[in-house]
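Chains as they are written, first to last, in the numbering used here: chain R, 3 to 995; chain P, 5 to 199; chain F, 87 to 201; chain C, 9 to 425.
Take a look at the structure set out below.
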Amino acid sequence: MSTKPYRLAEGGSRIDRSRKVTFSFDGKDISGFAGDTLASAVLASGQKLFGRSFKYHRPRGLVGLGSEEMNALIGIGVGSRHEPNLRATQIEIFNGLSAESQNRWPSLKYDVGAINSKFSRFLPAGFYYKTFMWPKSFWKHVYEPFIRKAAGLGKAPEGRDPDTYEHMHVHADVIIVGGGIAGLTAAEAAASTGTKVLLCDENPVLGGIADLTAGMIDGECVADHAATVAARLAALPNVHILTRTTVVGHFHHNYLMAFERVGDHDPAILASGAPKHRLWKIRADKVVVATGALERPIAFANNDRPNIMLASAVRGLIGRYGVTPGSKGVVFTNNDDAYLTAFALKKAGVTVRVVDSRARPDGALVKRAIAEGIDVNLGSVISAVEGTSGVTAVKIAAYRRGQGRVITEKRVDCDFIAMSGGWNPALHLWCHNGGKIEFDDSLQSFRPKSHTDNIVAVGAANGTMSVEATLVEAQALGKKAKKFIVQEPERGASESLWFAPATGKYNEGNKHFIDFQNDVTAADLELAQREGYESVEHTKRYTTFGMATDQGKTSNLNGLGVISEATGKTIPEIGVTTFRPPYTPYSFGAIAGSLTNDLFLPVRRTPIFQWHSDHGAVFEPVGQWRRAYTYPQASESKHEAINREILCVRNKVGLLDASTLGKIEIKGPDAAEFLDRIYTNTFSTLKVGKCRYGLMMNELGFLSDDGVTARLADDHFIMHTTSGGADRIGAWLEEWLQTEWTNYKVFVTPVTEQWAQFAVAGPRARDVLSKLGPDFDISNEAFPHMSFKQGHFGGYPVRVYRISFSGEMSFEVATPANFGQGLWNAIMEAGDEFGLSAYGTEALHVLRAEKGYIVVGDESDGTVTPVDVGMEGMVSKKKPDFIGKRSLEQSFLKGPNRKQLVGLLTEDPTDVLPDGAYAVAAVKNKPPMEMIGQVTSTYMSPTLGRSIAMALIQNGRSRMGEVISFPLEGGKVMKATITDTVFYDKEGGRIHA
Amino acid sequence: MLEPQFESALAHRAAPDTLSISMREISERGMIDLRGLATDKKFMSAVKSVLGFDLPKAPRASTSWGDLKALWLSPDQWLILCTRSKTNSLLAELNAALAKIHSLAVDVSDMRAIIRLEGESVRETLMKGSSLDLISDDYKAGTVRRMRFAEIAALLHVVEENVIDIYVFRSYAEYTWAFLTKAARKGAEVKLFKR
Amino acid sequence: MLVVTCPVCNASGDETDFHYGGQAHVRRPATTDPVNITDEDQRDYLFIRHNPKGLHFERWRCDRGCGKWFHAARDTVTMEFKATYGITELPPAELIKEAKGPWADYFKKRLKEKA
Amino acid sequence: MKSKYSIFSLARNAKNYHKDWEKAWRSPAPKAEYDAVIVGGGGHGLATAYYLAKNHGLTNIAVVEKGWIGGGNTGRNTTIIRSNYLQDSSIAIYELARSLYEGLSQDLNYNMMFSPRGVLMLCQTEHEFRAFKRTAHANRLAGLDCRMVTPAEVKEIVPIINTDPNCRYPILGAYYQPRGGTGRHDAVAWGYARGADELGVDIIQNCEVTGILRDGGRVTGLSTTRGEIKTKKIGVVTAGNVSTIMDMAGVRMPIESLCLQALVSEPIKPVIDCVVMANTVHGYMSQSDKGELVIGGGTDPYNNYSQRGSFTALEHTVTALVETFPIISRLRMLRQWGGIVDMTGDRSPILSKTDIEGLYVNCGWGTGGFKAIPGSGFVFADTMANDRPHKIAEPFGLNRFAEGRLIDESVAAAVAH
């Protein structure tokens, strides 16, 4: 092993050697330079080990250079700021960063879980489907808990998130995904036509792998050219550039999601108020996929050892960070591109040898390598790797395509391997929304074929690997192409290499990893084929190949190659698994954006909301509204408060905030006829100035809403709906007018929020209102029950409805919302001498239940007809058609044994039937018992001093007086007598007081 | 005689000084929701006789005359803006003029809360909650658009390049205020393209 | 997130600015002849739906815009909107021609009625 | 006779580097004629075939599948298994299914990992609370093992849940089915396929049905992309594609095909042991044995055959779950996908004979079919074998839509997940 420092004396385009940065990794302080990634800095410190694999806990090091990394997954931050599973290759270091390795115990170096590796022979793909079945109860109590212990990679954070997230929408004529040479050129070309161009790149710096690409453009090296173009783009007004922003998904109609890491790389940015992540919702006319290509690993025995990396990653470590993985390397390749890595290593003073599976490569780079005296083994493969937590040597064997096993091999010392199995166009975005792809033999990979959306792929993402052709392709986005003079090395053909054979019998003991993170080997894929899991989707699901956090970025094609060799089918015949968003994982925080805590679903507030809150109200969500449920005073329980409020209404007077009730103005010559279609009962006969209670059904014949509608003028009504139904009914009326009865001349305007509306209810209600100085007569004679008036209470403009949901004399007073709080206060003050108090929704519910009034949603549940709840009289027989009428004729709806609404009085008046309790035909020792109906509302009535309930019971109305049984939890059986539903003031005199 | 107490939805809210835009409630505005058919000449001329100008017929357009404004909401719906104190008389005039014409005019002055946003980044701030391309030419001064904003329905009126009024139902005023306060905070500015 | 364009006010926006109203051209038997409706007629009206893979005719409302209902022809596989048209209208003739299966039968009947 | 799967067979095969395992199911070419053909090789179809063979002795039967078995909703769902429905008829079929799941690994000799980790359905409004109390009473009297639990118990079962009483939708309690849980979805399809294959059933993949052949009022066979197949009994079990297949027979269905979305997080060490369903805010979450948080949400509203959702439904789900489980904001979404679900007018399934003799249909499972697979297969096989609805299947007949005899589960405020 070399003792040479891993940080080279010079070089590193991304780092600033004058700025030292210190961070911790597994509790150990490590220094790097500004611009380092966690990967480069840790490697520079001499540590090769970054993590442990999922299944066998094998020691793993870096493989990639960027988001394709599958091994070096790291947890960042502590406590509530901890984030698991981040790629070391993408983490930009800063002072104070705290990082830790994952999926190991007690430490990364000594990991107990590594024992799995010893038993790997017994743990082939899908082994768990074949065992852990006996004895039956062991799965839940023994096997699964054991398996679950081993689940997962990183740890979840703790507690609430201290950071914020947000969404941002943007529209562009063209979105370019990827800021490499293809994307930059495409952006400039597109921008030259004056269109709005959005350019997104996942890296902190534009240029893609221009710095790792050989050649010259107009006399500049590719990286310099890219930097020049990037600078020009940055100055253009019609170009918007987002870096550290990964376009994670492409959806219908060119909708894209992009994930911006705003503050991850610098705590100072977060501290200044920026969100941690921003999710960009992008709508583009045209999408340009310039996502480049991903280098493939090679499947050779023990190819997962730390310090076996992709050739491009090694090249990038040297060029960008001045870091080398070791002092003696082997480049293992089937293509020309990896020779650039050999040159870079040689230039950095690292001893290097090339192992090339091709027998007679003839590209310029190969010739140059030989000419420069680099040791090149042609027609060879690496057949074995020595070393466990690193590489100490490799064995090199002669290779012929299709060869099964290795006969002779030679051992060569080395401390790292740079591998390259070729390049796969990054097709993910292309495929997210159904893009078709085709296999390209010369690429040994898939490339884009066709798409129904307005989307194109350019450069390496399109399978175009040369610089010159990429420029031409990208320039097609603009009007006229500038001619670039490009010099680049001539490339020889690559040859596919899906599996490098090893010594001994059929890969015994040698693990050729395909999916590194999930520990899926070539043998696993072959086993899946033998067992009949032949569809590539079956293979994937059976072996978990391609299902790790890298979603198969580097493994998919190698897997297909192995399956192809095992089955004799071509890769296109095998097919690919579906590419699913996201391209790389992104935070749930970003998806939720700002809509957390107090912004998670709006709370609707009535004009009196603050008052309720200030007066100790307990709130209840009703739709999006918060309504005051009850107002407990100092030492009161909720129950006591509710009882007090009820008795106050019954005996004195109460005030209820009913502002949430839906209110809809309906006007036009056909308004009355329209209402006759909407309600089950008739409204055309309603007199001006009068109110009528109406029932609505849906077309299925079931109750959908109810409320009081008043006739303001011959052609003008105001409808009240339930609080939850306001928006729905408003839209429902519009729908019928626009789509079915288009000849009706009716306008509908919902005005719910224009009005604050209060119920003033109780025997002293009129006394209270009289004190407010009404400018109209509110006596019972002038203003009887079910009538309507408008005028003023003092200075307050009011609409007053003499309607009641409590059974008491009641006035519903509406005033414009901004006067609501003032009028509320005035009523409170006026009511003081009469003992007025506010009451909440629960008191309201008890009050109405005492009177047997239904609540749509309590007494009905979406399967209940007006007839079921005893309101047959409100279902017109005369009107030829109204909504739901025909469905009431369906055999089941008018059939026998319908559940009918009845009242219930428990035998023991102190027994309150539980909510939703079921009555049975006969009580048995144990279930099942035949159920005959259920409680819909149940309360202890303070007015009556006993419990009351309503219930839907089979044939209930013909069972008056019958005692039925409710077997409850714990064996208690409550008995109750069936009665009618009106428990209080059956004559109804109080309403008319 | 009671002296009526007026309290708008955001009466107790003042924008914090940590915002990159300015934000305040407009409460002294009267609003009338007017329904009628744009194709009904009698209706259009009756309204003109009251307002003094033609109702805008083009989608998302607005017209103004003195302190009166008409915002297009639909082919048969407009929102008429006026000084709050004049709402009653204007409504009465409209109703008189429209007495025999199929129409519906309702005072909705209290139904919505209006928040005025001013500053260079108002459009981007709103685009954190709206999917509309508010920096495009479709949203020049005078444009009216109903939209989904964050989780609610809202109406947007572009008053000037950097001045936008957002109308939301009164019950959502607090939610809207909270959303905007978060979206517009300093440090979280987004500037799209080099506008 | 689909982009929908309202043919009434010409506003384009995200699908969340609109409301999907299910299959188009479902005829409500009770509107025309409330007396003679069989259980099967009522079932077809309430529940039976054309559910093609491909061209589909459906209803949308410009929910956050002008509030108007309209018809749309959309491909249920590619999500492409082929046309939008008035809520009381039949689709454009060229789309009627393209319609297959139950949709084709339906339009044939409607065109015959009209003629 | 297939060799048994067991720890011993695993060890035996390890000796030979697992080279001698036989195929889990054969891949036969279609025969000219079968006694019955199941169209659709998802869980429901394969289970139907298995029980036709096992319980009714019909072994000359085939399952034809246009793609790969288990590739539809069987392989795309969030694997929740529960039976605590409100309506009697729903309880009957889902509880039959759940109880069959209990012994399914042993019955099929294939570990489908039924894991009764408990299903917790949150009550987040008073209305929902009351509705679940009602369901609890109904379930108890039907004999199900379920109970209401308090917020404190919820917190004990799921420590990461947000029980702040001041949050937008505070948790008022929950309805808990301890014997509900999850299973390994693919393994259900594979296990049934292996079991059916062993009994002689032909499982024919990559075989798309292109027509249903009729002689007047009865079926005579199928045309497929792999030739014509004669049969007198056809069971159509094709979920989101059921309208398309039934159109071939001229039977119009009360079905709309919608896209239901689901997603998983990156794998993390276990944080949640049971299944949590938050119906008010539309989010469902459990954690797989691999460590991924498995999350299900709502459907996009419009007809969709693309198996790709619109992000919107997913966004709502995730937002709801970040509110419900605040720690997940710093975790990451790994993969999202969509499945085409078949929704009926009352959101309950159809298990039915049709007006055409020999044509049966099993569909309409909507967003909640996985949990029903064994029960559905069991009663549908019985229905097909005896040409009359099994007692449990009877309420789910197509005739209910003309009679108004709907089975509406949504009335319990719970959606059918």
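Idealized CB from N, CA, C, for every residue including glycine.
As the structure is a prediction and not an experimental result, all values here were calculated from the model.
For residue i, write down the residues that DSSP places opposite it in a beta bridge.
i	result
SER998/R	Residue 998/R cannot be examined here, being either before or after the span of chain R that is shown, 3 to 995.
LEU230/C	ILE220/C and ILE237/C
TRP282/R	MET170/R and ALA260/R
GLU164/P	VAL167/P
TRP155/F	ARG147/F
GLY935/R	ALA921/R and ILE955/R
THR608/R	According to DSSP, which records beta bridges pairwise, THR608/R is partnered with nothing at all.
Within the continuous beta strand (DSSP E) that includes residue i, where are the two ends?
i	result
LYS168/F	167-172
TYR313/C	Element bounds for TYR313/C: n/a, residue is neither H nor E.
ARG340/C	340-352
GLN968/R	Residue identity differs from the one stated: residue 968/R is Phe in this sequence, not Gln. Note, PHE968/R: beta strand (DSSP E), 965-969.
THR91/F	89-91
ILE46/C	44-47
HIS252/R	247-253
ILE419/R	418-422
Would you say residue i reaches chain D, if we count a Cβ-Cβ gap shorter than 7 Å as a contact?
i	result
THR102/F	Given the protein chain composition of this structure (R, P, F and C), no chain D is represented.
At what residues does the alpha helix (DSSP H) containing residue i begin and finish?
i	result
ALA399/R	No alpha helix (DSSP H) contains ALA399/R, which is instead part of the beta strand (DSSP E) from 395-400.
ASN560/R	558-569
LEU40/R	40-46
LEU739/R	728-741
ILE576/R	573-576
PRO382/C	381-394
ARG314/R	Residue identity check: residue 314/R is Ser in the sequence provided, not Arg. Element bounds for SER314/R: 313-323.
ALA845/R	843-852
Is it buried or exposed for residue i, if we count other Cβ within 10 angstroms and need 16 for buried?
i	result
SER496/R	buried
ARG116/P	buried
HIS157/F	buried
ALA420/C	Any reading at ALA420/C needs caution, since the residue's pLDDT is 49, under 50, leaving its predicted position unreliable; the model's value is listed next. That one is buried.
ASN927/R	exposed
LEU197/F	exposed
PRO403/C	buried
ILE117/R	exposed
Examine the ligand NAD and report whether any of its heavy atoms sits within less than 6 Å of the Cβ of residue i.
i	result
THR723/R	For the ligand NAD, the structure offers nothing, since it holds no ligand at all.
### Query
Just by C-beta distance, which residues in the segment 112-131 of chain F are closer than 9 Å to chain R?
ARG114, PRO115, ALA116, THR117, PRO120, VAL121, ILE123, ASP125, ASP127, GLN128, ARG129 and TYR131
### Query
Quick one: complete alpha helix (DSSP H) runs, 4+ long, within the segment 614-698 of chain R?
640-653 and 673-680
### Task
Pick out the complete beta strand (DSSP E) segments inside the segment 77-128 of chain P, 3 residues or longer, and give them in chain order.
81-87, 108-111 and 116-122
### Members of the segment 132-159 of chain F near chain P, C-beta cut-off 9 Å
CYS148, ASP149, ARG150, GLY151, CYS152, GLY153 and LYS154
### Query
Which full runs of the beta strand (DSSP E) of 3+ residues lie inside the segment 100-173 of chain C, going along the chain?
127-131 and 155-157
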